[in-house]
Amino acid sequence: MELETAPLVHSPLAGGPHRVSRAFVRVHSGRTRWLVEADLGGDLLDVESPSGLPLEDWLASGAAEVVKSGPHRAVYRLSLPAGEFYLKHYRIPGPRAALQNVIRPCKAMLEWTAIRRVAECGIPTTRPVAVGRTFAGWRIGDNYLVTRSIAGAEPLQDFVLHALPVLAAARQARLRQEIATGLGRLAGRLHRGRLVHDDFHAGNVLVRLDDDDRVRLWLIDLHAVSRRWWPAPREQRANLASLGHFFTALAGRTDRLRFYRAYWLEREGTTWGRLAAGEDDSPTPRPARPFRAGPLRARFARAAREVETFCRRASDQAFHRDDRKWRRRNRRVRILNAPGRHARGLAELGEDVLRKVCDRPDDVFRAACVRHWIRRDPAGRVAMVTLEGGRASGTCRAAWWPARREAPRSLPGSVPLTRLIRPVRWLSSPRTSTARRAWETGHALLRRRIPVAKPLLFVETLDGEGAGSLLLVEVPRDAVPLDTVLRRHAAVGERHGDSLLRAIQGNLADLVRGLHAAGFEHGGLAASQILIAADRQPV
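For what it's worth, my numbering labels the leading residue of the sequence shown as 8, then goes sequentially.
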């Protein structure tokens, strides 16, 4: 991607010198000052609007669509006659953000500058077409950045999770190799250009398949990019760790090695590295030195081991940090406290469903809701039930565990220990219920990309005759227990039965290997607790 640049223009209120393209013109709309491409000024701006943007008219006509909105930033997708654009509106939610815009450039201008620096390093990125700042005296308030949309591109994390798994095996392997190499070259160019992206993850990388089925990558959302005199090794490893956290359970050892080899070659910028990347422009191409050279190979192996160890440790810390956050209230979880009961469920279910189950947990096991019983004994009840209400309608698995009542341990003639420590509340914390432990463990495994039945909600009954805990989990459609599958195919033919068994064994081995690699173990794993989906994947 090529960007036109012109001599530096110094503006103290704008935060210092910035490169301004000759194709850009300055437009004032009230207290908002804009730099906009001359060809797009009439399509993007309305000088009669206080901010210079007819955003209300765009929203009313459907030309603007809200992508995300929060107290600090709102992102809109614009469909205008001049093309597709993205508008970022950086807000000032409090005095801290206002003070930041005094001591450093506003976020829109930071990203504007970062886009230019990233493009100068040869990294494909978005094309900025307009930047605006609203001035309140000498302070900068709301600021805006408009960039062109990249046609046919999607976030890398969506492509890896949804589009890539449905492709043919050979094509999937080739694209996975190209993605690993392309990401390595992108990260290497970033660090070679003395830049650090503090928000470097798979969601900020766009991917598109060209007509020849080749992978193209773009780096976006660059407001967190900063320039260093030279990035310290720890900063570079932290960048790689934040990117690799998403690929922890998705990329194998070979893919990680392929990524880091491309990164190392690009960052070092050696002649044989450029040859390996296909960038030799000399009339007589020189053969690249083999990668097996002794000192060079030893240096690369030592650096790769250090990065691998650092990324693994950082990924474990990030997972544990997310586990602690999940135990508290967050935007994806709803918490409901009632007299004698505590309930927690996914926000997508709706608060009405959570309240209904929390008020009357036994209604889940009514005859009209139970499709079939799996277990019903004094140790607990497990059944496939139908949950109705809003987006939660469907079939799920319900499990009820009675509360464990254990007699206090004491010597004959002595005072029970629980009576002594009961006044000290921080020493006698309540025991975690079975449903809560299953809820937290299930979501911890899902965050680590380990296939488990997704927990929907749990209810803890703290007192009363029906004391216990209830857990509802989402069961994949058409999934059956492993022991049932084996019984059904026992009499099918020897050849078909063997092929099915080998497929299930391989997938089951991968599941258990991933479980152990994540630091988890299942003490009572049985065939009845493993569900086989239609694609023979265990859950």
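In this text, a Cβ means the ideal position worked out from N, Cα and C, and glycines have one as well. Owing to the predicted nature of the structure, the values given are computational and were not obtained by experimental measurement.
What does residue i pair with, by DSSP beta-bridge criteria?
i       : result
Leu-216 : Val-222
Cys-403 : Val-392, Glu-481
Lys-95  : Val-82, Leu-152
Asp-384 : Gly-387
Phe-207 : Paired residue(s): none; Phe-207 is not in a bridge.
Glu-44  : Phe-31
His-252 : DSSP lists no partner for His-252.
Arg-234 : Leu-202
Phe-465 : Arg-351, Leu-478
Gly-90  : Leu-87
Trp-408 : Ser-476
Val-74  : DSSP, once it has assigned bridges, lists no residue as partnering Val-74.
Thr-39  : Ser-36, Thr-141
For residue i, collect the residues of the same chain with a Cβ closer than 8 Å to its Cβ; drop the 5 residues on either side in sequence, then sort them by chain order.
i       : result
Leu-60  : Leu-51, Leu-52, Asp-53, Leu-94, Gly-139, Tyr-151
Arg-378 : Ala-390, Met-391, Val-392, Thr-393, Thr-402
Pro-385 : Pro-409
Ser-322 : Ala-248, Gly-251, His-252, Thr-255
Arg-98  : Pro-78, His-79, Arg-80, Ala-81, Ala-104, Asp-149
Just how far apart, CA to CA, sit residue i and residue j?
i       : j       : result
Ile-539 : Leu-463 : 20 Å
Gly-530 : Phe-266 : 36 Å
Arg-260 : Arg-443 : 34 Å
Pro-88  : Gly-159 : 18 Å
Leu-469 : Ser-476 : 9 Å
Arg-146 : Ala-105 : 8 Å
Asp-485 : Leu-193 : 42 Å
Arg-38  : Val-73  : 25 Å
Ser-156 : Leu-182 : 23 Å
Pro-292 : Val-314 : Reliability of the predicted coordinates at Pro-292 is poor, the pLDDT of 43 falling under 50, and the value obtained from them is presented with this limitation in mind. Going by the C-alpha atoms only, they are around 32 Å apart.
Gly-101 : Pro-112 : 17 Å
Pro-162 : Asp-490 : 39 Å
Arg-320 : Arg-244 : 11 Å
Arg-274 : Leu-62  : 42 Å
Thr-448 : Asp-219 : 44 Å
Thr-133 : Thr-255 : 27 Å
Ala-176 : Gly-191 : 23 Å
Gly-90  : Gly-148 : 28 Å
Gly-129 : Asp-517 : 39 Å
Ala-308 : Ile-122 : 33 Å
Ser-535 : Arg-362 : 31 Å
Ser-56  : Ser-68  : 17 Å
Gln-512 : Gly-357 : 38 Å
Leu-257 : Arg-306 : 27 Å
His-204 : Arg-235 : 11 Å
Ile-537 : Gly-521 : 15 Å
Pro-458 : Arg-304 : 38 Å
Ser-58  : Leu-42  : 13 Å
Glu-127 : His-523 : 44 Å
Arg-383 : Asp-369 : 14 Å
Looking only at its chain, what residues have a beta carbon closer than 7 Å to the beta carbon of residue i, apart from the 5 residues adjacent to it on each side?
i       : result
Gly-48  : Val-32, Val-34
Pro-253 : Contrary to the premise, residue 253 reads as Phe rather than Pro in this sequence. Excluding positions up to five away in sequence, the list reads Gln-164, His-208, Ala-209.
Report all residues from its chain with a CB closer than 6 Å to the CB of residue i; omit the five preceding and five following residues, and keep chain order.
i       : result
Gly-77  : none
Arg-40  : Arg-140
Ala-71  : Trp-65, Tyr-83, Leu-85
Glu-9   : Unreliable placement is indicated for Glu-9, whose pLDDT of 28 sits below 50; the coordinate value is still reported in the next sentence. Cβ within range, chain order: n/a, list empty.
Trp-433 : Because the pLDDT at Trp-433 is just 43, under 50, the model does not fix this residue reliably, and the value given afterwards should be weighed accordingly. Counting only Cβ-Cβ distances below 6 Å, and skipping sequence neighbours, we find nothing.
Ser-421 : Confidence at Ser-421 is low in this model, with a pLDDT of 45, below 50, so the placement of that residue should be treated as unreliable; the coordinate-derived value is given next. If we look at Ser-421 and ignore the five residues flanking it on each side, it has no Cβ neighbours.
Cβ atoms of residue j and residue i: under 7 Å apart, would you say?
i       : j       : result
Leu-213 : Ile-227 : yes
Val-482 : Cys-365 : no
Gly-195 : Tyr-270 : yes
Leu-229 : Val-125 : yes
Gly-276 : Arg-201 : no
Asp-547 : Ala-451 : The question about residue 547 has no answer, for the chain in this structure spans 8 to 546.
Val-173 : Val-153 : no
Ala-525 : Arg-454 : no
Val-371 : Ala-405 : yes
Ala-354 : Arg-373 : no
Ala-239 : Asp-206 : no
Leu-171 : Gln-179 : yes
Val-167 : Gly-189 : no
Ser-480 : Ala-460 : Here residue 480 turns out to be Val, not Ser, going by the sequence shown. Yes, Cβ-Cβ distance for Val-480 and Ala-460 is below 7 Å.
Gly-352 : Arg-335 : no
Ala-445 : Leu-478 : yes
Ala-187 : Asp-262 : yes
Going residue by residue through the segment 130-190, where are the continuous beta strand (DSSP E) segments of at least 3 residues, counting only ones entirely within it?
135-143, 146-155
Which residue spans inside the segment 297-379 form an unbroken alpha helix (DSSP H) run of at least 4?
If only complete runs of 4 or more residues are kept, the segment 297-379 shows the alpha helix (DSSP H) at 301-334, 358-366, in order along the chain.
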